[in-house]
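In what follows, a single structure is set out as structure tokens and then discussed.
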Amino acid sequence: MAHRGTALFAVPVLVLALFLVGCPKRPATTAASAPPPTGSPSPSSAAPSTTPGGALAPSTAAPSTAAPSTPPAPSAFTENANLKDVFFDFDKYDIRPGDARILDANATWLKSNDNLVLIEGHCDERGTNEYNLALGERRAKSTMNYLVAQGVQASRITIISYGKERPTCTEHSEDCWAKNRRAHFLVKAR
Numbered sequence: 000m001a002h003r004g005t006a007l008f009a010v011p012v013l014v015l016a017l018f019l020v021g022c023p024k025r026p027a028t029t030a031a032s033a034p035p036p037t038g039s040p041s042p043s044s045a046a047p048s049t050t051p052g053g054a055l056a057p058s059t060a061a062p063s064t065a066a067p068s069t070p071p072a073p074s075a076f077t078e079n080a081n082l083k084d085v086f087f088d089f090d091k092y093d094i095r096p097g098d099a100r101i102l103d104a105n106a107t108w109l110k111s112n113d114n115l116v117l118i119e120g121h122c123d124e125r126g127t128n129e130y131n132l133a134l135g136e137r138r139a140k141s142t143m144n145y146l147v148a149q150g151v152q153a154s155r156i157t158i159i160s161y162g163k164e165r166p167t168c169t170e171h172s173e174d175c176w177a178k179n180r181r182a183h184f185l186v187k188a189r
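Taking numbering that gives the first Met the number 0, I'd label the letters of the sequence shown as residues 0 to 189.
Written as structure tokens, this is what we have:
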């Protein structure tokens, strides 16, 4: 009988202990299929990024395994009418189906031309500078990964994030913000 009373007491205590300790939650991260980004601020020199709710955003920084090379300065790149911008939903960096078709056309042009490409990641004005720099980098990185999957050499691509610092539209409306959430392309001859 005493054994049964101990078991009845132990089960709720065990359940309470498991509830209080809980399982640690790990943020979901994705492995990049291309080399680490170049031309963007070092993740260790920037403040940790946070989501709009204040939680820490997952880090997608990967350790560098490639030999260091100095990419051209962003000012060395120029616009090219053959490369179209792609746009993103609010607080997202997923490639939308309509934008995938644009990236397919961009990849076709890049594969037939031997230019270096700079992909700029941009955000709208909402959110902190740190959060938008990280989101802009994820947008540029997902765009680069898509192009690499289509056969564009990763060694030709440089990415940079400007966050919310270079808007194309300055009105405070959803239509305007949607124009600023983009990946923009610039090229440079090798």
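Beta carbons: idealized from backbone N, C-alpha and C, even for Gly.
Predicted, not measured: the structure shown is a model, and the values here were computed from it.
Which residue comes first and which comes last in the beta strand (DSSP E) that contains residue i?
i: residue 187; result: 181-188
Using the DSSP secondary-structure output, state which residues sit across from residue i in a beta bridge.
i: residue 157; result: 117
i: residue 167; result: Looking at the DSSP assignment, residue 167 forms no beta bridge with any residue, so it has no partner.
i: residue 77; result: 186
i: residue 86; result: 181
If you draw a straight line from the C-alpha of residue i to the C-alpha of residue j, how long is it?
i: residue 123; j: residue 166; result: 7 angstroms
i: residue 103; j: residue 189; result: 22 angstroms
i: residue 187; j: residue 105; result: 15 angstroms
i: residue 29; j: residue 72; result: Model confidence at residue 29 stands at a pLDDT of 33, short of 50, so the residue's coordinates are unreliable; what they give is reported in the following sentence. Each residue's alpha carbon lies about 28 angstroms from the other.
i: residue 69; j: residue 159; result: 14 angstroms
i: residue 129; j: residue 82; result: 28 angstroms
i: residue 99; j: residue 164; result: 25 angstroms
i: residue 168; j: residue 155; result: 29 angstroms
i: residue 178; j: residue 87; result: 9 angstroms
i: residue 176; j: residue 127; result: 15 angstroms
i: residue 94; j: residue 171; result: 24 angstroms
Residue i: which of the options sits nearest, CA to CA?
i: residue 92; options: 113, 141, 78 and 69; result: 141
i: residue 147; options: 161, 110 and 180; result: 110
i: residue 76; options: 157, 169, 120 and 87; result: 157
i: residue 151; options: 96, 88, 112 and 71; result: 112
i: residue 133; options: 73, 96, 162 and 87; result: 162
i: residue 78; options: 181, 127, 116 and 154; result: 116
i: residue 182; options: 96, 107 and 121; result: 121
i: residue 74; options: 119, 96 and 101; result: 119
i: residue 145; options: 90, 126, 107 and 173; result: 107
i: residue 135; options: 185, 171 and 89; result: 89
i: residue 180; options: 101, 114 and 139; result: 139
Would you say residue i reaches chain B, if we count a Cβ-Cβ gap shorter than 8 angstroms as a contact?
i: residue 108; result: Absent from the structure: chain B. Only one protein chain is present.
**OP:** Within the segment 91-152, note down every full alpha helix (DSSP H) run reaching 4 residues or more, in order along the chain.
**Re:** 96-111 and 128-148
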